[in-house]
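Taking it in order: structure first as structure tokens, then the write-up.
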Amino acid sequence: MTDQEDVIRCEGIWKIFGDKSRQAMEAVRRDGLSKKDIREKFDCVVGVQDASFSVGRGEIFCIMGLSGSGKSTLIRHINRLIEPTSGAVFIEGQNVNAMNPEALRRLRAEKIGMVFQSMALMPHRTVRDNVAFSLEVRGVAEAERARVAARAIDMVDLTGWDRKYPDELSGGMQQRVGLARALAADPTILLMDEPFSALDPLIRRQLQGTFMELSAELHKTTVFITHDLDEAIRIGDRIAIMKDGVLVQIGTPEEIVTRPADDYVADFVAGISKLDLVTAARIMQPLAAYVQAHGPQDTSAWPVGKPGCKLNELVDLAVGTDHPILIAADGAAVGVVTKRALLRGIQGRDEERAA
Numbered sequence: 001m002t003d004q005e006d007v008i009r010c011e012g013i014w015k016i017f018g019d020k021s022r023q024a025m026e027a028v029r030r031d032g033l034s035k036k037d038i039r040e041k042f043d044c045v046v047g048v049q050d051a052s053f054s055v056g057r058g059e060i061f062c063i064m065g066l067s068g069s070g071k072s073t074l075i076r077h078i079n080r081l082i083e084p085t086s087g088a089v090f091i092e093g094q095n096v097n098a099m100n101p102e103a104l105r106r107l108r109a110e111k112i113g114m115v116f117q118s119m120a121l122m123p124h125r126t127v128r129d130n131v132a133f134s135l136e137v138r139g140v141a142e143a144e145r146a147r148v149a150a151r152a153i154d155m156v157d158l159t160g161w162d163r164k165y166p167d168e169l170s171g172g173m174q175q176r177v178g179l180a181r182a183l184a185a186d187p188t189i190l191l192m193d194e195p196f197s198a199l200d201p202l203i204r205r206q207l208q209g210t211f212m213e214l215s216a217e218l219h220k221t222t223v224f225i226t227h228d229l230d231e232a233i234r235i236g237d238r239i240a241i242m243k244d245g246v247l248v249q250i251g252t253p254e255e256i257v258t259r260p261a262d263d264y265v266a267d268f269v270a271g272i273s274k275l276d277l278v279t280a281a282r283i284m285q286p287l288a289a290y291v292q293a294h295g296p297q298d299t300s301a302w303p304v305g306k307p308g309c310k311l312n313e314l315v316d317l318a319v320g321t322d323h324p325i326l327i328a329a330d331g332a333a334v335g336v337v338t339k340r341a342l343l344r345g346i347q348g349r350d351e352e353r354a355a
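Its first residue numbered 1, the sequence shown is counted upward by one per residue in full-length UniProt numbering.
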């Protein structure tokens with residue numbers, strides 16, 4: 001669950017690469033040029049186009065897109081590794097683009113941790129020393145560094161490996177070290193750029209599980225970049241679909257899968273199972289409307305579910321009965337899921353509900 005407070009807010013981020021990027025940006029504002037126009041007239045490439053979004057405290061916000069979509073370019077604006085051509089980034093209300101070098105260094109050191117696909121672990125340092133490196137840079141005493149590093153190493157299930165060197169670890173273990181290094185600094189924000197994409201599927205899923213457990217425990221605000229929709233759906237509270245530098249759609253996994261904004265998103269989600277995504281609240285008919293259509297009902301023998309029940313759970317409830325499923329919240333009936341509505345939900349056509 002996430003709080004309402006926005007920790008990260010990006011407003012109208014544009015990134016145009018090229019020697020004439022400023023002229024191109026002015027032409028966009030003045031004439032509304034397309035990406036093609038910008039390339040042809042100014043020999044510039046649009047990496048990110050007018051991207052705006054916010055991330056709440058404790059939220060995992062996934063930005064998903066194919067290679068070249070602009071997702072990695074966008075995430076690097078948050079800690080100002082890349083300067084925007086236009087737009088602004090705010091961290092806890094502070095304008096990152098207006099920070100002087102000292103304030104920016106402090107922000108990166110104290111509030112933002114970044115985990116890349118390539119961990120860039122220092123080969124001459126042990127696991128413990130790699131994990132504690134950011135604390136060492138900040139001048140934390142050795143005993144305290146060792147304590148914090150040990151806790152972070154334990155969090156990622158690497159206890160006993162603290163005196164090993166990176167070349168003695170598997171790829172998955174090295175990725176865990178990178179995550180521990182980010183956690184040891186105790187940042188407010190984690191920026192994760194395809195951290196698990198180079199790993200074997202089984203190891204990747206295990207690390208996803210580890211990350212989700214840590215997120216639930218530590219409530220870190222996270223922006224997670226991936227090209228894998230299954231990964232985004234599994235770990236994200238919300239997902240942003242990016243194409244050609246544009247944020248095409250932002251929504252919960254359920255919203256993205258059941259209500260794609262356009263054909264591009266629809267093609268992405270076409271093969272995704274709805275069974276563990278769609279909830280009763282999405283497909284149920286309000287109880288009053290059901291009674292109006294069918295008259296008063298004796299619901300004593302009906303199976304009962306909650307608004308948050310997933311389709312898989314509803315299927316289990318529906319098996320062995322001819323009755324609809326009564327949906328109740330806080331002890332009161334609020335809706336009805338009929339067999340037809342359940343089948344439509346499985347198909348992903350929740351707009352066609354049973355009468």
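Idealized CB from N, CA, C, for every residue including glycine.
Values in this document were obtained by computation on a predicted structure and should not be read as measured data.
Residue 148 - DSSP class collapsed to helix/strand/coil = Counting from one through the sequence shown, the residue named residue 148 turns up at place 148. Reduced to three states, the DSSP call for residue 148 is helix.
key: Beta carbon of residue 304 nearer than 9 Å to that of residue 272   = What you label residue 304 is simply residue 304 of the sequence shown in a count that begins at 1. What you label residue 272 is simply residue 272 of the sequence shown in a count that begins at 1. Against a cut-off of 9 Å, the Cβ pair of residue 272 and residue 304 comes out as no contact.
request  = Quick one: using the 10 Å Cβ neighbour count with 16 as the cut-off for buried, is residue 292 buried or exposed?
outcome  = Taking the sequence shown and counting its residues from 1, the one referred to as residue 292 is at position 292. Counting Cβ neighbours within 10 Å, residue 292 comes out exposed, since fewer than 16 surround it.
task = In angstroms with no decimal places, state the Cα-to-Cα distance between residue 17 and residue 207.
result = Residue numbering aside, residue 17 sits at position 17 when the sequence shown is read from its first letter. Residue numbering aside, residue 207 sits at position 207 when the sequence shown is read from its first letter. Cα to Cα, the separation comes out at about 35 Å.
ask   = Using the beta-carbon count (16 or more within 10 Å), is residue 124 buried or exposed?
value = Numbered from 1 along the sequence shown, position 124 holds the residue referred to as residue 124. It counts as exposed.
query = Taking Cβ positions, are residue 166 and residue 199 nearer each other than 9 Å?
reply = By 1-based counting over the sequence shown, the position of residue 166 is 166. By 1-based counting over the sequence shown, the position of residue 199 is 199. Contact flag unset, no.
request  = Indicate whether residue 256 and residue 60 have their beta-carbon atoms separated by less than 9 Å.
outcome  = Translated into the one-based positions of the sequence shown, residue 256 becomes position 256. Translated into the one-based positions of the sequence shown, residue 60 becomes position 60. Cβ atoms of residue 256 and residue 60: not closer than 9 Å.
query = Are residue 374 and residue 48 closer than 9 Å when you measure CB to CB?
reply = The requested residue 374 is not part of the displayed model; the chain covers only 1 to 355.
key: Status (buried if at least 16 other CB within 10 Å, exposed otherwise) for residue 243   = In the sequence shown, residue 243 corresponds to position 243, counting from 1. Classification of residue 243: buried, given that the 10 Å Cβ count is 16 or more.
task = Quick one: using the 10 Å Cβ neighbour count with 16 as the cut-off for buried, is residue 171 buried or exposed?
result = As a first step, residue 171 is located in the sequence shown; it is residue number 171 there, counting from the start. Taking all protein chains in view, the Cβ of residue 171 is surrounded by fewer than 16 other Cβ atoms within 10 Å, so the residue is classified as exposed.
Those residues which DSSP pairs with residue 115 across a bridge = Within the sequence shown, numbered from 1, the residue matching residue 115 stands at position 115. In DSSP, residue 115 forms a bridge with 192.
request  = Kindly confirm or deny that the stretch 152-169 and the stretch 126-133 touch, where touching means at least three C-beta pairs closer than 8 Å.
outcome  = yes
request  = Indicate whether residue 71 and residue 219 have their beta-carbon atoms separated by less than 9 Å.
outcome  = Sequence index remark: in the sequence shown, residue 71 carries index 71 (1-based). Sequence index remark: in the sequence shown, residue 219 carries index 219 (1-based). Taking 9 Å as the Cβ cut-off, residue 71 and residue 219 do not qualify as a contacting pair.
message = Measuring only the C-alpha atoms, how far is residue 224 from residue 192?
response = By one-based count along the sequence shown, residue 224 stands at place 224. By one-based count along the sequence shown, residue 192 stands at place 192. Using only the alpha carbons, I get a separation of about 5 Å.
task = State the CB to CB distance for the pair residue 307 and residue 279, rounded to an integer number of angstroms; the pair is presumed to be in contact (CB under 8 Å).
result = One-based indexing of the sequence shown puts residue 307 at position 307. One-based indexing of the sequence shown puts residue 279 at position 279. Rounded, the Cβ-Cβ distance is 7 Å, consistent with contact.
Per-residue burial, residue 85 [other beta carbons within 10 Å of its own, 16 or more giving buried] = As a position in the sequence shown, residue 85 is number 85, starting the count at 1. Residue 85 comes out buried.
request  = May I ask you to report which of helix, strand or coil DSSP gives residue 222?
outcome  = Taking the sequence shown and counting its residues from 1, one reaches residue 222 at position 222. Residue 222: strand per DSSP, three-state reduction.
task = For residue 162, collect the residues of the same chain with a Cβ closer than 6 Å to its Cβ; drop the 5 residues on either side in sequence, then sort them by chain order.
result = Numbered from its first residue, the sequence shown carries residue 162 at position 162. Only residues of its own chain outside the window of five on either side were considered, and among them 127, 128, 153 have a CB closer than 6 Å to the CB of residue 162, listed in chain order.
ask   = Three-state secondary structure (DSSP) at residue 25?
value = One-based indexing of the sequence shown puts residue 25 at position 25. Residue 25 falls in the helix class under three-state DSSP.
message = Per DSSP, what are the beta-bridge partners of residue 46 in this structure?
response = For the purposes of this step, residue 46 is taken as the residue at position 46 of the sequence shown. According to DSSP, which records beta bridges pairwise, residue 46 is partnered with 16.
task = Grab me the residues of residue 43's own chain with a C-beta within less than 8 Å of its C-beta, minus the 5 sequence neighbours each way, in chain order.
result = In the sequence shown, counting from the first residue as 1, residue 43 sits at position 43. These residues qualify, in order along the chain: 18, 19, 20.
query = What residue does the beta strand (DSSP E) around residue 249 start on, and which one ends it?
reply = Position 249 of the sequence shown, counting from 1, holds the residue named residue 249. Run containing residue 249: 246-251, per the beta strand (DSSP E) assignment.
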